[in-house]
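Residue 12 in our numbering is what sits at position 25 of the sequence shown, and the numbering runs on without skipping anything. Note sheet for the following structure.
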Amino acid sequence: MTGHQESEINKSVAAEIYSPLPPIRLVFNYGMTVVAFLLSALALIPLLSLLWEIVGRGLKSLKPSMFVTPIIYDGFGNAIVGTLIMVSIAALFSVPTGIMTGIYLSEIGKGTRIGRIVRFVASVLTGVPSIVVGIFAFGVIVLMTKQFSAIAGGFALAVLMLPVIVLTTEEALKLVPTPMRLGSAALGGTRFQTIFRVVITAALPAIATGVLLAVARAAGETAPLIFTSLFSLDWSTELNSPTASLSVLIFNLYNDPTPEKTALVWTTSLVLIGMILIISVLSRVFTRKRNA
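Take a look at the structure:
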């Protein structure tokens, strides 16, 4: 085939690609776009109405003193501290383990039988109900120590966070271009140096996004904490004692007929949503830095 013939074929293909759509397809395209926007708006109505209700009722009773007083005095300071403590314990367990496992799946165990088994287990764990994880943590920690504690709650949240971190880390590392690895090897870098100085550095924003999303999920969990950390109306003095959390506070006091407790539930819901929103915004910031 001559160059002139190839040029003619390319011109005909380009003309066909850039030619306007037939009227029927154009109408169908615009129609499906309108339907998609309408269905999206319909799906957002319950969410927006719920947020409106929480913000409207929560702001009415929100006071600065509630952040530093325990539940027994109509505050949620101890619940905020308990949530932060248990999420921190969970992150301490799950983040290093999850990142190292993701590195293994992407860089070392790719295509191996062990790697496939680990990936399968992580994928299965993402679909396990949180209440089942709570029962598991109850059997492993609470029954052995004979008491509910923040450590047991942190362990349950760590189990929920771990598969999310593992899979997001693996996918983040897979997105790093292969030429970067080859370039590091060409410059004399060892496999260890290539992984930890080149690949992880390039994928760090995406890994941080996965960690923050896992933290946001853990902060809003209720069922695992009912079986592990239980609840406390006052400040917890040690990690081996029952500990309050924002989600369990909402669960326990939702049906309380006392007006003060009802107002506390709505305000706590607002604070919990605010915390998760901050974490989600941070994840978007890391994603934007990665795409920049």
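Where a beta carbon is used, it is the ideal one built from N, C-alpha and C, also for glycine. No experiment lies behind these values; they were computed from the predicted model shown.
Annotation: L147 to G62 spans about 28 Å, alpha carbon to alpha carbon.
Counting only runs of at least 4 residues, the region 104 to 170 fully encloses the following alpha helix (DSSP H) elements, listed from N- to C-terminal order: 117 to 124, 137 to 161. When the five nearest sequence neighbours on each side are left out, the beta carbons in the same chain lying within less than 6 Å of the beta carbon of G141 are those of M73, I76, A77, in order along the chain.
Between the region 46 to 57 and the region 250 to 261 there are three or more C-beta pairs closer than 8 Å, enough to call the two in contact. Pairing A109 with V42 gives a Cβ-Cβ distance that is not under 8 Å. One Cα belongs to G207, the other to I11, and the distance between them is close to 48 Å. The Cβ neighbour count for G89, taken over all protein chains shown within 10 Å, is at least 16; the residue is labelled buried. Note that the region 229 to 243 touches the region 124 to 144; at least 3 beta-carbon pairs, one per stretch, sit closer than 8 Å. By the criterion of at least three beta-carbon pairs nearer than 8 Å, the region 110 to 130 is in contact with the region 206 to 222. Under the Cβ criterion (8 Å, minimum of three pairs), the region 162 to 182 does not count as touching the region 255 to 268. Distances from the CA of V82 to each of V185, A205, L220 were compared; the closest alpha carbon is that of A205. Sequence-distant partners of A143 (beyond 5 residues in either direction) whose C-beta falls short of 6 Å from its own C-beta, in its chain, are V120, G121, A124, P211, T215. Scanning its chain for C-beta atoms nearer than 8 Å, with the 5 sequence neighbours on each side dropped, one finds around I59 the residues L220, D221, in chain order. Note on N242: under 16 other CB atoms within 10 angstroms of its CB, so exposed under the neighbour-count rule.
Of L112, S256, E158, G69, the smallest CA-CA separation from E94 is found for E158. The beta carbon of K161 lies closer than 6 Å to those of S93 in the same chain, with the five residues before and after it left out.
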